[in-house]
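Undergrad: Residue numbers (UniProt numbering): 1 to 265.
Beta carbons: idealized from backbone N, C-alpha and C, even for Gly.
In this text, all values refer to a predicted model and were calculated from it rather than measured experimentally.
Got a structure for you, questions after.
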Amino acid sequence: MKLRLHFVVDPMGWLCISVVFGIWLYNTFFIPKLVLLPHYNEGHIPWAIVICYYIASGLCIAALFRASTADPGRLPVDPHIPHSEREHWELCNKCNLMRPKRSHHCSRCGHCVRRMDHHCPWINNCVGEDNHWLFLQLCFYAQVLSLFTLVLDFCQYYYFQPLTKLDQEKFTTRHELALLRVSALMGVVMFGGMSSLFYTQMTGIVSDMTTIEKMSQFSNEIYGSKRSWQWALAEVCGTRWKLLWLLPLRGRQPLQSSHHFRTHV
Numbered sequence: 001m002k003l004r005l006h007f008v009v010d011p012m013g014w015l016c017i018s019v020v021f022g023i024w025l026y027n028t029f030f031i032p033k034l035v036l037l038p039h040y041n042e043g044h045i046p047w048a049i050v051i052c053y054y055i056a057s058g059l060c061i062a063a064l065f066r067a068s069t070a071d072p073g074r075l076p077v078d079p080h081i082p083h084s085e086r087e088h089w090e091l092c093n094k095c096n097l098m099r100p101k102r103s104h105h106c107s108r109c110g111h112c113v114r115r116m117d118h119h120c121p122w123i124n125n126c127v128g129e130d131n132h133w134l135f136l137q138l139c140f141y142a143q144v145l146s147l148f149t150l151v152l153d154f155c156q157y158y159y160f161q162p163l164t165k166l167d168q169e170k171f172t173t174r175h176e177l178a179l180l181r182v183s184a185l186m187g188v189v190m191f192g193g194m195s196s197l198f199y200t201q202m203t204g205i206v207s208d209m210t211t212i213e214k215m216s217q218f219s220n221e222i223y224g225s226k227r228s229w230q231w232a233l234a235e236v237c238g239t240r241w242k243l244l245w246l247l248p249l250r251g252r253q254p255l256q257s258s259h260h261f262r263t264h265v
């Protein structure tokens, strides 16, 4: 399956995703330069921790890129509607195009998205049927990277041995404020926010309810059914292989059409 790029022209979204990218740059270059690599060079930490940190950082930026550029499930202007599924389609009162049920019109993007969860300005894209799994990966790896950063900041001042090749007075003057306040505060905010968002997304996936449906108090006997978390994630990620749930650089194919009206066009 080819990886198609999808861009949303929205200056506010570009600003938000630039902030997210800036935070990633800070965690990927500033923290390792001041904490991770110096302690590794003096033998205070093993090489495995350095490798794990950069793997988490790489997977985080990969998930951010894919979530922000992947097609969330945009409906074409002239969709092909299978005859057996026509009763599950409806007319959008905003763009006057046919769409499958559980699709929603995004006023920011200007089109309908299959099983749209919400529009996220922080990735400058909608979260829909085809990129929901990438958004989950972004939340997960952002938690991992922010927690990793918090642990490094803590160990720098309370656990690691002092660096022999470091001018402590110069380090305190130039970098201690940034490490203690900026980095730690950033890590706490990111970890807390991503953890809350990840939990909300997971509960919605397991209960088969999108964020839009929750906010509109949508109720229907077909939707809102409880499912096992394994099957729910397999359906969202497009594969039953659990290891592939964590890999952002791959394509996604729907498992099957089911009673959830997951119509693809």
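Would you identify the three-state DSSP class for serine 103, choosing helix, strand or coil?
TA: It is coil, neither helix nor strand.
Undergrad: I'd like to check one pair, methionine 98 with proline 76: are the Cβ atoms closer than 8 angstroms?
TA: Result no, Cβ atoms of proline 76 and methionine 98 do not sit closer than 8 angstroms.
Undergrad: Do the stretch 151-160 and the stretch 189-198 touch if we need at least three Cβ pairs shorter than 8 angstroms?
TA: Result no; under three Cβ-Cβ pairs closer than 8 angstroms.
Undergrad: Need the endpoints of the beta strand (DSSP E) that cysteine 120 sits in, please.
TA: Taken as a continuous stretch (DSSP letters only), the beta strand (DSSP E) holding cysteine 120 covers 118-120.
Undergrad: On the DSSP letters alone, give me the boundaries of the beta strand (DSSP E) that glutamate 90 sits inside.
TA: Counting along the chain, the beta strand (DSSP E) containing glutamate 90 begins and ends at 89-91.
Undergrad: I'd like the list of long-range same chain contacts for arginine 250, defined as Cβ closer than 7 angstroms, with 5 residues on each side in sequence excluded.
TA: For arginine 250, where only same-chain residues beyond five positions count, the Cβ hits under 7 angstroms are Leu244.
Undergrad: My understanding is that residue 272 touches alanine 63, with C-beta atoms under 8 angstroms, so please give their C-beta distance in whole angstroms.
TA: As displayed, the chain neither begins before 1 nor continues past 265, which places residue 272 out of reach and without an answer.
Undergrad: Suppose you measure from the CA of methionine 12 to the CA of asparagine 125; what does that come to, to the nearest Å?
TA: Each residue's Cα considered, the two are about 11 angstroms apart.
Undergrad: Out of Arg115, Val50, Val19, which has the shortest C-alpha to C-alpha gap to tryptophan 133?
TA: When only C-alpha atoms are compared, the closest one is Arg115.
Undergrad: Please state whether the Cβ-Cβ distance between phenylalanine 135 and alanine 56 is less than 8 angstroms.
TA: Not a contact, by the Cβ cut-off of 8 angstroms.
Undergrad: Assign threonine 263 to one of two classes, buried (16 or more other C-beta atoms within 10 Å of its C-beta) or exposed (fewer than that).
TA: Residue placement at threonine 263 is poorly supported in this model, since its pLDDT is 43, which falls under 50; the coordinates are not used for a value here.
Undergrad: Can you list, in chain order, the residues of its chain with a C-beta nearer than 8 angstroms to that of histidine 6? Leave out the 5 residues immediately preceding and following it.
TA: Correct list, in chain order: Thr69, Ala70, Asp71, Pro72, Arg74, Asn125.
Undergrad: Among Lys33, Cys106, Cys139, whose alpha-carbon lies nearest the alpha-carbon of cysteine 95?
TA: Minimum Cα distance to cysteine 95 is reached at Cys106.
Undergrad: Use the C-beta contact count for alanine 67: other C-beta atoms within 10 angstroms, 16 or more gives buried, fewer gives exposed.
TA: Looking at its Cβ environment, which holds 16 or more other Cβ atoms inside 10 Å, alanine 67 is buried.
Undergrad: Let's test the definition: count the other Cβ atoms within 10 Å of the Cβ of cysteine 52 and tell me whether it reaches 16, buried, or not, exposed.
TA: That one is exposed.
Undergrad: Could you give the distance in angstroms between the alpha-carbon of glutamate 90 and the alpha-carbon of glycine 22?
TA: C-alpha separation (whole angstroms): 41 angstroms.
Undergrad: Excluding the 5 residues preceding and the 5 following leucine 145 in the sequence, name in chain order all residues of the same chain whose CB lies nearer than 7 angstroms to its CB.
TA: Hits under 7 angstroms: Asn27, Ala56, Ser57, Cys60.
Undergrad: By how many angstroms is the C-alpha of arginine 102 removed from the C-alpha of asparagine 220?
TA: Below a pLDDT of 50, predicted positions are generally treated as unreliable, and asparagine 220, at 48, falls in that range; no measurement from the model is reported.
Undergrad: Please return the same chain residues whose Cβ sits closer than 7 angstroms to the Cβ of valine 8, not counting the five positions on each side in sequence.
TA: Once the five neighbours on either side are set aside, the close Cβ partners of valine 8 are Cys109, Asn124, Asn125.
Undergrad: With DSSP run on the structure shown, which of helix, strand or coil describes valine 8?
TA: Looking at valine 8 - three-state DSSP - the assignment turns out to be coil, as it is neither helix nor strand.
Undergrad: Taking the beta strand (DSSP E) that histidine 111 belongs to, which residues open and close that run?
TA: Per DSSP, histidine 111 belongs to the beta strand (DSSP E) from 111-113.
Undergrad: At the level of alpha carbons, what is the spacing between lysine 214 and glycine 204?
TA: Between lysine 214 and glycine 204, the C-alpha separation is close to 8 angstroms.
Undergrad: Here's the rule I'm using: 16 or more other beta-carbon atoms within 10 Å means buried, otherwise exposed. How should glutamate 85 be labelled?
TA: Glutamate 85 comes out exposed.
Undergrad: Under a three-way DSSP split, which group does cysteine 95 fall into?
TA: Note: cysteine 95 maps to coil in three-state DSSP.
Undergrad: Tell me whether proline 46 is buried or exposed, calling it buried when 16 or more other Cβ atoms sit within 10 Å of its Cβ.
TA: So proline 46 counts as exposed.
Undergrad: Suppose you measure from the CA of histidine 83 to the CA of proline 100; what does that come to, to the nearest Å?
TA: Each residue's alpha carbon lies about 13 angstroms from the other.
Undergrad: At the level of alpha carbons, what is the spacing between serine 183 and glycine 43?
TA: Each residue's alpha carbon lies about 24 angstroms from the other.
Undergrad: Comparing C-alpha positions only, which one of Ser216, Gln230, Lys242, Trp229 sits nearest to histidine 118?
TA: It is Ser216.
Undergrad: Pull up the distance between the alpha-carbon of phenylalanine 30 and that of proline 248, whole angstroms please.
TA: When rounded, the distance between both Cα atoms is 25 angstroms.
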